[in-house]
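J.:
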Amino acid sequence: MSIPARYQHILDSVSYAVVTMDLNCRVTYLNERAKVFLKGRGRDHYRVGIEAEAILPLAAPQARKAMQTEEFQRGDGRIVDRGDELFFEITPLMADGVMAGAVVSLQRPERFEELATKLDSHRRLVKQLQTIFDASSDGIWVCDGDGTVISINRASEQINGIRAESVIGRNVDTIVHSGMVDRSVTLEVLRCKEQVSIMQHIKRTDKELLVTGTPAFDEKGAINLVVVNERDVTDLNRLKSNLENMTRAKEKAQDELTGFMMLELEQAGIVAESKAMRKLLTTAVKLAQLDASGILLLGESGTGKSLAAKFIHKNSPRRDKPFLSINCAALPESLFEAELFGHEKGAFTGAAERGKIGLIGLAGEGTLFLDEVGELPLAVQAKLLKCLDEKEYLPVGGRTYKKMQCSIIAATNRDLELMVQKRRFREDLFYRLNTFALSIPPLRERVEDIFELASHYIKVYNEKYGQSKRITTRTLDIFQAYAFPGNVRELVNIIKKGVALHDGEVLDDFFEDALHPPHKVSSTHELSLNQELDRTERMVLQRAMTACSTTRQMARLLGTSQPTIVRKLKKHGFSLQ
Ligand SMILES: Nc1ncnc2c1ncn2[C@@H]1O[C@H](COP(=O)(O)OP(=O)(O)OP(=O)(O)O)[C@@H](O)[C@H]1O
1 MSIPARYQHI
11 LDSVSYAVVT
21 MDLNCRVTYL
31 NERAKVFLKG
41 RGRDHYRVGI
51 EAEAILPLAA
61 PQARKAMQTE
71 EFQRGDGRIV
81 DRGDELFFEI
91 TPLMADGVMA
101 GAVVSLQRPE
111 RFEELATKLD
121 SHRRLVKQLQ
131 TIFDASSDGI
141 WVCDGDGTVI
151 SINRASEQIN
161 GIRAESVIGR
171 NVDTIVHSGM
181 VDRSVTLEVL
191 RCKEQVSIMQ
201 HIKRTDKELL
211 VTGTPAFDEK
221 GAINLVVVNE
231 RDVTDLNRLK
241 SNLENMTRAK
251 EKAQDELTGF
261 MMLELEQAGI
271 VAESKAMRKL
281 LTTAVKLAQL
291 DASGILLLGE
301 SGTGKSLAAK
311 FIHKNSPRRD
321 KPFLSINCAA
331 LPESLFEAEL
341 FGHEKGAFTG
351 AAERGKIGLI
361 GLAGEGTLFL
371 DEVGELPLAV
381 QAKLLKCLDE
391 KEYLPVGGRT
401 YKKMQCSIIA
411 ATNRDLELMV
421 QKRRFREDLF
431 YRLNTFALSI
441 PPLRERVEDI
451 FELASHYIKV
461 YNEKYGQSKR
471 ITTRTLDIFQ
481 AYAFPGNVRE
491 LVNIIKKGVA
501 LHDGEVLDDF
511 FEDALHPPHK
521 VSSTHELSLN
531 QELDRTERMV
541 LQRAMTACST
551 TRQMARLLGT
561 SQPTIVRKLK
571 KHGFSLQ
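Position one of the sequence shown corresponds to residue 1 (the UniProt record's numbering), numbered consecutively onward.
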């Protein structure tokens, strides 16, 4: 059987060598590639009509045998084998449904290997992609550019509670209409031609999904794929709401804690309405419960440092032990050491016969509050530091060291850091005392506290003096406008005076006069400079007396010495109660 010439050029163009034979195994055709192959292998005696075995010693006998089989005669058979250098494939040659011979196609093994390798890596890639597709814990849908589902992965089957077969080949539009999902991100992506994310509720599984659809475009810019990623956020939402519940529970606990603390504060007679004070006292309680050492209370005179120190002691594990307080500004330098550390009998002239236990010893396992610690003499600072470091001290004139067991809380209204810079306070002691600094704001910066303190102390002094005095909002306005240089102490003292001395039941006028004294200057009777100075001095002293209870406090408030204050009070005939 010959091959029509019009097909020969096709067969000559293929990369395979093709040799055909008739039923007697005689060569009927060789394409150009076959001739090149045979020539290259020294078999250039090829020609149509010769025995196929002469040029194809391995393939031809197999073809001869194969043509005897029923399979080949039906046109179904196929033999693939390998010669020395070539792979060959034998298939039946059919003409009008009848076997007319066989076709042997030959190929170099490298070419097969090349194809096989390509096929292999292609298979591996497909397998990898399939594994990734199925292993993803997110659901994945792939749709074509018309919205027809091409595939969905296992996670998506589970999340949606469906079988892949029920959706593959269907359009998402019909899936939405069937009620399987409430909306489709694919339709949105096809409409907007960009990535879209939506929240989806799956009725069947009662799941909340965060669904993102991403379009893929062909070279012409048309969408040819939509890849949809479904993330199950049901658990995430549950976690979120658990977290919110926990936060709410924590806030409630915090409120209860604050409530508990408010009770503590009430019992300690402490008013703390402002956020700043509540925060400060919460920290104070924490430090107290930890029995922390190195608490330094900072704040202007009269802000409540001593009160805070007592509060810390009362909340510490030392609450049942003594709380002792020493005002470092009140003691002469010569007596300070003995007062603090105690002395042995006859340690110095004037020392008690039997000796004396110092405050550190008296405080035992309790708390010693060093008020006005900035006034501590430098010599005593060195000894106190040693005592704090080594937890033992030597009483004045003593030979044996004693154990220090008490905790120290210090307070000051001075700028200790500045004092350190000016070498008036030891740097090492400053750091020793200042591990936890608690700064109490001045009263003028906490208006809420002013109102609360005012009503608290009016109640206290009404009870104490058997009165029923009261104030109106006018007083609150007066208080709010006033700077309270003496802080809470000034407020307490003025209320005490008002309740005790004012005649009327309403105290507004009293406070107005006390805090805004009239500045009357008679025009007919001009005052001399000295008279005017005296008048102002009296006014300043009166106001300081309201704020302070000792001449030392007044001296500090007015920035002068205590003897000057004593002299001036005497000059004006004033006395501090
Ligand atoms: N938050 C408060 N609640 C109730 N009373 C307070 C409060 N703060 C201070 N006080 C009262 O104000 C007065 C002065 O307080 P405290 O002696 O503690 O101040 P301080 O800062 O230690 O003063 P100083 O620096 O002059 O020693 C006291 O009578 C105290 O009870």
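Here a beta-carbon is modelled for each residue, glycine too, at the ideal position from N, C-alpha and C.
By Cβ distance, which residues of its chain are closer than 8 Å to Glu70, with the 5 residues on each side in sequence left out?
T.: Sequence index remark: in the sequence shown, residue 70 carries index 70 (1-based). Within the same chain, Glu70 has no close Cβ partners at all.
J.: Could you check what DSSP says for Ser301 in three-state terms: helix, strand or coil?
T.: Against the sequence shown, residue 301 aligns to sequence position 301. If DSSP states are grouped into helix, strand and coil, Ser301 belongs with coil.
J.: Distance, Cα to Cα, Gln8 vs Asn224?
T.: Position 8 of the sequence shown, counted from the first residue, corresponds to residue 8. Position 224 of the sequence shown, counted from the first residue, corresponds to residue 224. Near 40 Å, if we compare the C-alpha coordinates of Asn224 and Gln8.
J.: With distances taken Cα to Cα, identify the nearest neighbour of Leu576 among Thr551, Lys568, Pro563 and Gly559.
T.: Residue 576 sits at position 576 when you count from the first residue of the sequence shown. Taking only the C-alpha atoms, the option nearest Leu576 is Thr551.
J.: Classify Ala437: buried if its beta carbon has 16 or more other beta carbons within 10 angstroms, exposed otherwise.
T.: Counting from 1 along the sequence shown, the entry for residue 437 is found at position 437. The residue in question, Ala437, is exposed, as its Cβ has fewer than 16 Cβ neighbours within 10 Å.
J.: Tell me whether His525 is buried or exposed, calling it buried when 16 or more other Cβ atoms sit within 10 Å of its Cβ.
T.: If you number the sequence shown from 1, residue 525 lands on position 525. With a pLDDT of 46 at His525, under the threshold of 50, the predicted position of this residue should be treated as unreliable, though the coordinate-derived value follows. With fewer than 16 other Cβ atoms within 10 Å, it is exposed.
J.: Is the beta carbon of Leu362 sitting closer than 9 Å to the one on Ile408?
T.: Position 362 of the sequence shown, counting from 1, holds the residue named residue 362. Position 408 of the sequence shown, counting from 1, holds the residue named residue 408. No. Outside cutoff.
J.: My output table needs one value for His9: the three-state DSSP class, helix, strand or coil.
T.: For the purposes of this step, residue 9 is taken as the residue at position 9 of the sequence shown. Three-state result, His9: helix.
J.: Using a Cβ-Cβ cutoff of less than 7 Å, which residues in the same chain neighbour Glu490 once the five nearest sequence positions on both sides are dropped?
T.: Here the question's residue 490 lines up with position 490 in the sequence shown. Excluding residues within five positions, the ones whose Cβ falls inside 7 Å are Gly302, Phe484, Thr546 and Ala547.
J.: May I ask you to check if the CB of Val211 is nearer than 8 Å to at least one heavy atom of ligand 2?
T.: Ligand 2 is not part of this structure, which contains only ligand 1.
J.: With C-beta atoms as the reference, is Val285 less than 9 Å away from Glu264?
T.: Translated into the one-based positions of the sequence shown, residue 285 becomes position 285. Translated into the one-based positions of the sequence shown, residue 264 becomes position 264. A contact, by the Cβ cut-off of 9 Å.
J.: Thr412: which of Ser156, Leu297 and Leu501 sits nearest, CA to CA?
T.: The sequence position of residue 412 within the sequence shown is 412, counting from 1. It is Leu297.
J.: Please name the residue in Asp291, Pro92, Ser156 and Thr174 whose C-alpha comes closest to that of Cys406.
T.: Residue numbering aside, residue 406 sits at position 406 when the sequence shown is read from its first letter. Among Asp291, Pro92, Ser156 and Thr174, the Cα nearest to that of Cys406 belongs to Asp291.
J.: Given a threshold of 16 other Cβ atoms within 10 Å of its Cβ, counted over all protein chains shown, does Phe217 qualify as buried or as exposed?
T.: What you label residue 217 is simply residue 217 of the sequence shown in a count that begins at 1. When all chains shown are included, Phe217 counts as exposed.
J.: Express the C-alpha separation of Ile270 and Asp513 in angstroms, rounding to a whole number.
T.: Working through the sequence shown from its first residue, we reach residue 513 at position 513. Working through the sequence shown from its first residue, we reach residue 270 at position 270. So the alpha carbons of these two residues sit roughly 28 Å apart.
J.: Using the three-state DSSP reduction, which class does Asp44 fall into: helix, strand or coil?
T.: Counting from 1 along the sequence shown, the entry for residue 44 is found at position 44. Note: Asp44 maps to coil in three-state DSSP.
J.: Would you be able to state if there are at least three C-beta pairs under 8 Å between the region 203–210 and the region 154–161?
T.: The region 154–161, when compared against the region 203–210, does touch it at the 8 Å Cβ threshold.
J.: Taking the alpha carbon of Val196 as the point to measure from, which residue in Val226, Val172 and Val176 has its own alpha carbon closest?
T.: To locate residue 196, count along the sequence shown from 1; it is residue 196. Nearest C-alpha to Val196: Val226.
J.: Would you give the residue range spanned by the beta strand (DSSP E) that Ala411 belongs to?
T.: Within the sequence shown, residue 411 is the residue found at index 411, counting from 1. Ser407 to Thr412 is the span of the beta strand (DSSP E), which, as asked, contains Ala411.
J.: Which first and last residues belong to the beta strand (DSSP E) in which Thr560 is found?
T.: Stepping through the sequence shown from its first residue, residue 560 is reached at position 560. Segment: none, Thr560 is in no beta strand (DSSP E) and carries neither H nor E.
J.: Can you list the beta strand (DSSP E) stretches of 3 or more residues lying completely in the region 107–156, in chain order?
T.: If we require 3 residues or more, the beta strand (DSSP E) runs fully inside the region 107–156 come out as 139–144 and 149–152.
J.: Could you check if Thr303 belongs to the surroundings of ligand 1, using beta carbon to heavy atom distance under 8 Å?
T.: Here the question's residue 303 lines up with position 303 in the sequence shown. Result yes, Cβ under 8 Å from ligand 1.
J.: Can you check DSSP and say which residues form a bridge with Val393?
T.: Taking the sequence shown and counting its residues from 1, the one referred to as residue 393 is at position 393. For the sequence presented, residue 393 should be read as Tyr rather than Val. Note: Tyr393 sits in a beta bridge opposite Lys402.
J.: Identify which residue in Glu532, Gly294 and Ala308 has its Cα closest to the Cα of Arg278.
T.: Along the sequence shown, read from residue 1 onward, the residue named residue 278 stands at position 278. Nearest of Glu532, Gly294 and Ala308 to Arg278, Cα basis: Ala308.
J.: So which of Phe88, Ala102 and Glu392 has the shortest CA-CA distance to Met94?
T.: Working through the sequence shown from its first residue, we reach residue 94 at position 94. It is Ala102.
J.: Between the C-alpha atoms of Ile140 and Ser178, what's the straight-line distance to the nearest angstrom?
T.: Walking along the sequence shown from the start, residue 140 turns up at place 140. Walking along the sequence shown from the start, residue 178 turns up at place 178. Rounded to whole angstroms, Ile140 to Ser178 spans 20 Å at the Cα level.
J.: What are the partner residues of Ile223, as DSSP defines its beta bridges?
T.: Residue mapping note: residue 223 aligns to position 223 of the sequence shown, counting from 1. The partner list for Ile223 (beta bridge, DSSP) reads Phe217.
J.: Quick one: grab the DSSP three-state call for Met21.
T.: Start at 1 with the first residue of the sequence shown, and residue 21 comes out as number 21. DSSP places Met21 in strand when its eight states are reduced to three.
J.: Would you decide whether Met246 is buried or exposed? Buried here means 16 or more other CB atoms lie within 10 Å of its CB.
T.: Position 246 of the sequence shown, counting from 1, holds the residue named residue 246. Result: exposed.
J.: To the nearest angstrom, report how far apart residue 580 and Ser316 are at their CA atoms.
T.: What is shown of the chain runs 1 to 577, which leaves residue 580 out entirely.
J.: Quick one: is Asp449 buried, meaning 16 or more other Cβ sit within 10 Å of its Cβ, or exposed?
T.: Stepping through the sequence shown from its first residue, residue 449 is reached at position 449. Counting Cβ neighbours within 10 Å, Asp449 comes out buried, since at least 16 surround it.
J.: Please name the residue or residues paired with Thr283 in a DSSP beta bridge.
T.: For the purposes of this step, residue 283 is taken as residue 283 along the sequence shown, with counting starting at 1. Paired residue(s): none; Thr283 is not in a bridge.
J.: Indicate, with yes or no, if ligand 1 has a heavy atom lying under 8 Å from the CB of Leu376.
T.: Indexing the sequence shown from 1 puts residue 376 at position 376. Result no, Cβ not under 8 Å from ligand 1.
J.: From the DSSP secondary-structure annotation, give me the bridge partner or partners of Gln200.
T.: Taking the first residue of the sequence shown as 1, we reach residue 200 at position 200. Paired residues: Leu209.
J.: Which of the three DSSP states, helix, strand or coil, is assigned to Lys193?
T.: Indexing the sequence shown from 1 puts residue 193 at position 193. It is coil, neither helix nor strand.
J.: Just to confirm, are Phe425 and Gln467 a CB contact at a threshold of 9 Å?
T.: By 1-based counting over the sequence shown, the position of residue 425 is 425. By 1-based counting over the sequence shown, the position of residue 467 is 467. No, Cβ-Cβ distance for Phe425 and Gln467 is not below 9 Å.
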